[in-house]
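Novice: First, the structure itself, so that you have it in front of you.
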Amino acid sequence: MQNLKRSSLSGFGAGIVVFIGIILTLPVHSTLQCPTGGVSQGSFAVIDVTVLDGEVFRQWWDVWIANGPAWQVGHNPDPSENLPRLDGRDHTLFPGLIDAHVHTFGTTLNDASRFGVTTILDRFTNPALGAIKRSARQYVPTSHFDGHTHITSR
Amino acid sequence: MENQPTHSDESVLARLSSVTHHYGSILALDELDLEVRQGEVLGVLGPNGAGKTTAINLLLGNLRVQQGSVSVFGQDPGAMQVRERRGAMLQVSGISGNLTVRENIELFSSYYPAPLAVAKLLSTAGIEDLSERRFGKLSGGQKQRVMFALALASDPELLFLDEPTTGLDVDARHRLWDEIRTLEVTAVLSTHNLAEVDALADRVIVIHHGQRIADGTPSEIKSHVAGRLVRCVTSTLPDEITQFPGVIQAKVRGRHLEVQTTLPEDLVRDLLARDEDLVDLTVEAVDLESAFLSLTKESP
Amino acid sequence: MTVNRRIRVYLLEAHYQFIDVLREPLFSISVLAFPLVFYLFFGVILNFGGTSMPMQTYMLATYGVFGILGPALFNFGVGLATERDTGMLLLKQTTPMPVGAYFSAKVTTALIFGATVVSALFLIAAYAAGVALFRWQWFALAGVLLAGVVPFCTLGLAIGAWVKGRSAVAIVNLIFLPMSMLSGLWIPIYVFSDFMQNMALVLPAYHHAQLALKVIGMDSGQPILLHVIVLVGQTFIFLIVAALGFRRVGGFSIRKS
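Chain order of the listed sequences is A, B and C.
Counted from 1, the first sequence has number 148 at position 147 by the working numbering; the numbering is strictly sequential.
Counted from 1, the second sequence has number 181 at position 132 by the working numbering; the numbering is strictly sequential.
Counted from 1, the third sequence has number 930 at position 70 by the working numbering; the numbering is strictly sequential.
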């Protein structure tokens, strides 16, 4: 009877370990790292990414970014150059968003790029301040939101 | 018949004192008194619906007491100390059918502080060869023997057997009787089968419509249902034949004369001779129910 | 009853109840296979294209709820009703077995089956449907799904307390299948009309599914607190309904028809 108790206890224990073990082996989102060092910062390809073209989501697309802007988009555009390739699975690319009603004082723009907003309209401010705010665009943090990484281009 | 010596409390293991129980508007027990004494097998005999199972379930603490009092080992029948010292075989059609006999017994044994060894239970109930079989695959008789083993798991001081052989064939019934007989334990046996109390009980109480109508040894009770029951429509009156050899009792029921006798052939010859217009003659075994009915009629 | 013996009774009761159910092929197969096959079919093979959400991820959450709901409802609803009608429950009640051991064994069994379905769904989702989540999301989804055992077991308990063993399977199915459908476990809730979406607000499976979808950011956008309050409230209602059912038949006794 003691044996039974021990075997059922170890059975429950083993079950819990297996359950947690299975979850630990499951694939997780890769974090998209911007290529650094040795390559031109502005040129790379994102492979198998989901692209929002403004109307629908297109899955398994490749996006080739050359010196800044997206240069070629579609299924297997086959970038001839030997560019760094990023695994885009589980990630979504979309054009920068426009926030048409923002007041730019204080820290209100800190999170804009995190949420994919690359263009803002402030209709109540001193135009002279615009130049200062524009310089803040140099810093583009990438972060996670709702399980998807938004890569924002300029 | 209602008189019985009152026993000191030490020798009484369980007691119902003027217990009345209703199911809605149906009266199941009516001022019933019952004592289970140390060392005896008490038979509780009665036709179906007499209140036997209600009495057993009250003694087991499965039903809430409505009126009167119930005690087992001097305590509340549902108390944990009581549960640990008793065993019960109820009218249960199944336990976990996908578990083997051994697994079921192991599970029930785990409920008790000092259970009998599983091997001992298997051998007492005569089911060693069935121990690895799934309970659901067993025959009715085999299942009842497993239930019997479960009832013994606690190494009980008091055993409740509620209709233990109902639905079993003769062979299976006798096997179970043999196994029960080898026990030396105080037991309450409820049954509607006179042969069963005769085989197993030391003392019998008969209940009918929730009332105790008789109390005695099995042979005393048996004498009430001895012989044959002769029924016929005739002009002969009961008084004319009560003195006839073998006649236990005679009475009129409806249009029929009913005579209980140990010498039915002689009686029938005599009845036919007395009344040539006699019709609708039947001779049958005295079933318990009619014996009980006669007992109820007797008591004023 | 000493603590050590109590632990042993709880363990053995769970151990044997689990084995008993495991050996019931109809239960094991249907409870395990239904959510997996449905998920493979609707979530992976018949993948609705062109929608704004990856269906295989969305349906991982909803079929997870379906997979938890099944064993909890059947083990409690059908198991309890059958075991009461055969008299096994009454027999156990006459022993010193704590009633809690019986019920915790039922919950444990539902939990083990639920965890099995969830692991299998996760593996299919990850390796056949290409779903990837953050690690915290995998764990949170598993946790939210398994927690559903509590409200669903009490729902099963409420059913089992009222119905007879023979009709239990039919009645549980009558609740299980329509509720799964109307809660959006098979087809996403947002394809239903507004009226049907509002109707779903009364269903425990809807609120549980919304909590699971919350983990992967695909829920309908109602507050977490709403779902939690409804589920906790319904759990209490089910417990009361179950208690009334037990009182009506006088505890665990066999119901005579």
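Built from N, CA and C at the ideal position, the CB exists for glycine as well.
1. Should Ile-254 (chain B) be listed as close to the ligand COA, given that the test is whether its C-beta is under 6 Å from any heavy atom?
2. Give me the chain C residues within the contact set of Phe-157 (chain B), using Cβ-Cβ distance strictly less than 9 Å, ordered along the chain.
3. Taking only three categories from DSSP, how would you classify Asp-91 (chain A)?
4. Looking at chain C, is there any beta carbon in it that lies within less than 7 Å of the beta carbon of Ala-137 (chain B)?
5. Tell me whether Arg-323 (chain B) sits in a helix, a strand or coil according to DSSP, three-state version.
6. For Arg-132 (chain B), decide whether its Cβ has a neighbour in chain C, counting only Cβ atoms nearer than 7 Å.
7. Thinking just about the alpha-carbon of each residue, which of C:Phe-878, C:Ile-867, C:Ala-932 and C:Val-869 is nearest to the one in Val-1032 (chain C)?
8. So what does DSSP say about Gln-60 (chain A), is it helix, strand or coil?
9. Give every residue of the same chain whose Cβ lies closer than 8 Å to the Cβ of Glu-873 (chain C), excluding the five residues on either side of it in the sequence, and list them in chain order.
10. Look up Phe-227 (chain A) in the DSSP assignment and give the residues it is bridged to.
11. So with CB distances below 8 Å, who are the chain B contacts of Leu-872 (chain C)?
12. Using CA atoms only, rank isn't needed, just tell me which of B:Val-301, B:Gln-260 and B:Glu-233 is closest to Lys-101 (chain B).
13. Which value, in whole angstroms, describes the spacing of the CA atoms of Val-897 (chain C) and Leu-906 (chain C)?
14. Using a Cβ-Cβ cut-off of 7 Å, state whether Gly-92 (chain B) counts as contacting chain C.
15. Within a Cβ cutoff of 7 Å, which residues of the same chain sit near Leu-78 (chain B), ignoring the five residues on either side of it in sequence?
16. Is the beta carbon of Ile-1076 (chain C) sitting closer than 7 Å to the one on Thr-922 (chain C)?
17. Tell me the DSSP secondary structure of Lys-6 (chain A) in three-state form.
18. For Ile-75 (chain B), which of B:Gly-98, B:Gly-92, B:Gly-88 and B:Ser-66 has the nearest alpha-carbon?
19. So what's Tyr-72 (chain B) in DSSP terms, helix, strand or just coil?
20. So which of B:Arg-151, B:Glu-155, B:Tyr-160 and B:Glu-152 has the shortest CA-CA distance to Gln-953 (chain C)?
21. Can you give the Cα-Cα distance for Ala-202 (chain B) and Val-1090 (chain C), rounded to whole angstroms?
22. To which residues of the same chain is Ala-1000 (chain C) closer than 7 Å at the C-beta, ignoring the five residues directly before and after it?
23. Identify the contact partners of Ile-972 (chain C) in chain A, using a Cβ-Cβ distance below 7 Å as the criterion.
24. Rounded to whole angstroms, what is the Cα-Cα separation between Ser-66 (chain B) and Gln-130 (chain B)?
25. Roughly how many angstroms lie between the CA atoms of Val-1004 (chain C) and Gly-88 (chain B), to the nearest whole one?
26. Under 8 Å between beta-carbons, which chain C residues line up against Ile-144 (chain B)? List them in chain order, please.
27. In the structure shown, what three-state DSSP assignment does Glu-206 (chain B) receive?
28. Within its chain, find whatever has a CB closer than 6 Å to the CB of Leu-83 (chain B); leave out the 5 residues flanking it on each side and keep chain order.
29. DSSP on Gly-910 (chain C), reduced to helix/strand/coil?
30. Suppose only complete runs of 3+ residues qualify. What are the beta strand (DSSP E) ranges in the segment 112 to 144 of chain B, listed by chain order?
31. Tell me which residues share the same chain as Arg-59 (chain A) and place their Cβ nearer than 6 Å to its Cβ, disregarding the 5 neighbours each side in the sequence.
32. May I ask you to verify whether the segment 324 to 332 of chain B touches the segment 105 to 113 of chain B, counting CB pairs closer than 8 Å and requiring at least 3?
33. Helix, strand or coil for Glu-212 (chain B), going by three-state DSSP, please let me know.
34. Alpha carbons only, please: which of A:Asp-88, A:Ile-66, A:His-104 and A:Val-29 is nearest the one belonging to Arg-995 (chain C)?
35. Does the separation of the CB atoms of Thr-1069 (chain C) and Ser-1040 (chain C) fall below 7 Å?
36. By a C-beta neighbour count over all protein chains shown, 10 Å radius and 16 as the cutoff for buried, is Asn-106 (chain B) buried or exposed?
Specialist: The structure says:
1. Looking at this structure, you won't find the ligand COA or any other ligand, since it has none at all.
2. One-based indexing of the second sequence puts residue 157 (chain B) at position 108. The answer, in chain order, is Leu-951, Lys-952, Thr-955 and Met-957.
3. Looking up residue 91 (chain A) in the first sequence gives position 90. Coil at Asp-91 (chain A), not helix or strand.
4. In the second sequence, counting from the first residue as 1, residue 137 (chain B) sits at position 88. Yes, Ala-137 (chain B) lies at the interface with chain C (some Cβ there is under 7 Å from its Cβ).
5. By one-based count along the second sequence, residue 323 (chain B) stands at place 274. Residue state, collapsed to three classes: helix.
6. For the purposes of this step, residue 132 (chain B) is identified with residue 83 of the second sequence, where counting begins at 1. Chain C, which has a Cβ nearer than 7 Å to the Cβ of Arg-132 (chain B), makes this yes.
7. Counted from its first residue, the third sequence places residue 1032 (chain C) at position 172. Per the Cα distances, C:Ala-932.
8. Reading the first sequence from its first residue, position 59 is the one you call residue 60 (chain A). The answer is strand: DSSP assigns Gln-60 (chain A) an E or B state.
9. Looking up residue 873 (chain C) in the third sequence gives position 13. Met-957, Ala-961, Tyr-962, Ser-964 and Ala-965.
10. Lying before the first or after the last residue shown, residue 227 (chain A) is absent from chain A, which here runs from 2 to 155.
11. Stepping through the third sequence from its first residue, residue 872 (chain C) is reached at position 12. Residues of chain B passing the Cβ test: Glu-155, Leu-156 and Ser-159.
12. To locate residue 101 (chain B), count along the second sequence from 1; it is residue 52. If we check each option's Cα against that of Lys-101 (chain B), B:Gln-260 comes out closest.
13. On the third sequence, residue 897 (chain C) is found 37 positions in, with the first residue counted as 1. On the third sequence, residue 906 (chain C) is found 46 positions in, with the first residue counted as 1. So the two alpha carbons sit approximately 12 Å from each other.
14. For the purposes of this step, residue 92 (chain B) is taken as the residue at position 43 of the second sequence. False, the Cβ-Cβ gap to chain C never drops below 7 Å.
15. For the purposes of this step, residue 78 (chain B) is identified with residue 29 of the second sequence, where counting begins at 1. Excluding residues within five positions, the ones whose Cβ falls inside 7 Å are Val-68, Thr-69, His-70, Gly-100, Thr-103, Ala-104 and Gly-259.
16. Here residue 1076 (chain C) refers to the residue found at position 216 when the third sequence is read from its first residue. Here residue 922 (chain C) refers to the residue found at position 62 when the third sequence is read from its first residue. Result no, Cβ atoms of Ile-1076 (chain C) and Thr-922 (chain C) do not sit closer than 7 Å.
17. Along the first sequence, read from residue 1 onward, the residue named residue 6 (chain A) stands at position 5. Three-state result, Lys-6 (chain A): helix.
18. Walking along the second sequence from the start, residue 75 (chain B) turns up at place 26. Closest option to Ile-75 (chain B), Cα to Cα, is B:Gly-98.
19. Walking along the second sequence from the start, residue 72 (chain B) turns up at place 23. DSSP places Tyr-72 (chain B) in strand when its eight states are reduced to three.
20. Here residue 953 (chain C) corresponds to residue number 93 of the third sequence, with the count starting at 1. Residue B:Tyr-160 is the option with its Cα nearest to Gln-953 (chain C).
21. What you label residue 202 (chain B) is simply residue 153 of the second sequence in a count that begins at 1. What you label residue 1090 (chain C) is simply residue 230 of the third sequence in a count that begins at 1. About 45 Å.
22. In the third sequence, counting from the first residue as 1, residue 1000 (chain C) sits at position 140. Excluding positions up to five away in sequence, the list reads Val-1075.
23. Reading the third sequence from its first residue, position 112 is the one you call residue 972 (chain C). Chain A residues near Ile-972 (chain C): Gly-16.
24. Locating residue 66 (chain B) in the second sequence gives position 17, counting from the first residue. Locating residue 130 (chain B) in the second sequence gives position 81, counting from the first residue. Distance between the alpha carbons of Ser-66 (chain B) and Gln-130 (chain B): 21 Å.
25. Here residue 1004 (chain C) is taken as the residue at index 144 of the third sequence, counted from 1. Here residue 88 (chain B) is taken as the residue at index 39 of the second sequence, counted from 1. Straight-line measurement puts the Cα of Gly-88 (chain B) at about 58 Å from the Cα of Val-1004 (chain C).
26. Along the second sequence, read from residue 1 onward, the residue named residue 144 (chain B) stands at position 95. Within chain C, the residues near Ile-144 (chain B) are Thr-946, Met-948 and Leu-951.
27. Stepping through the second sequence from its first residue, residue 206 (chain B) is reached at position 157. It is coil, neither helix nor strand.
28. Position 34 of the second sequence, counted from the first residue, corresponds to residue 83 (chain B). Closer than 6 Å at the Cβ level, and outside the excluded window around Leu-83 (chain B), lie Leu-65.
29. In the third sequence, residue 910 (chain C) corresponds to position 50, counting from 1. Per-residue confidence for Gly-910 (chain C) stands at a pLDDT of 47, beneath the threshold of 50, marking its modelled position as unreliable; no derived number is given.
30. Counting only runs of 3 or more, we get 116 to 121 and 135 to 138.
31. Start at 1 with the first residue of the first sequence, and residue 59 (chain A) comes out as number 58. The residues are Val-52.
32. no
33. As a first step, residue 212 (chain B) must be located in the second sequence, where it is residue number 163. Here Glu-212 (chain B) sits in coil by DSSP.
34. Walking along the third sequence from the start, residue 995 (chain C) turns up at place 135. Per the C-alpha coordinates, the member of A:Asp-88, A:Ile-66, A:His-104 and A:Val-29 positioned closest to Arg-995 (chain C) is A:Val-29.
35. Here residue 1069 (chain C) corresponds to residue number 209 of the third sequence, with the count starting at 1. Here residue 1040 (chain C) corresponds to residue number 180 of the third sequence, with the count starting at 1. Here residue 1069 (chain C) is Ala; the residue named in the question, Thr, does not match the sequence. Taking 7 Å as the Cβ cut-off, Ala-1069 (chain C) and Ser-1040 (chain C) do not qualify as a contacting pair.
36. Position 57 of the second sequence, counted from the first residue, corresponds to residue 106 (chain B). Per the 10 Å Cβ criterion, buried.
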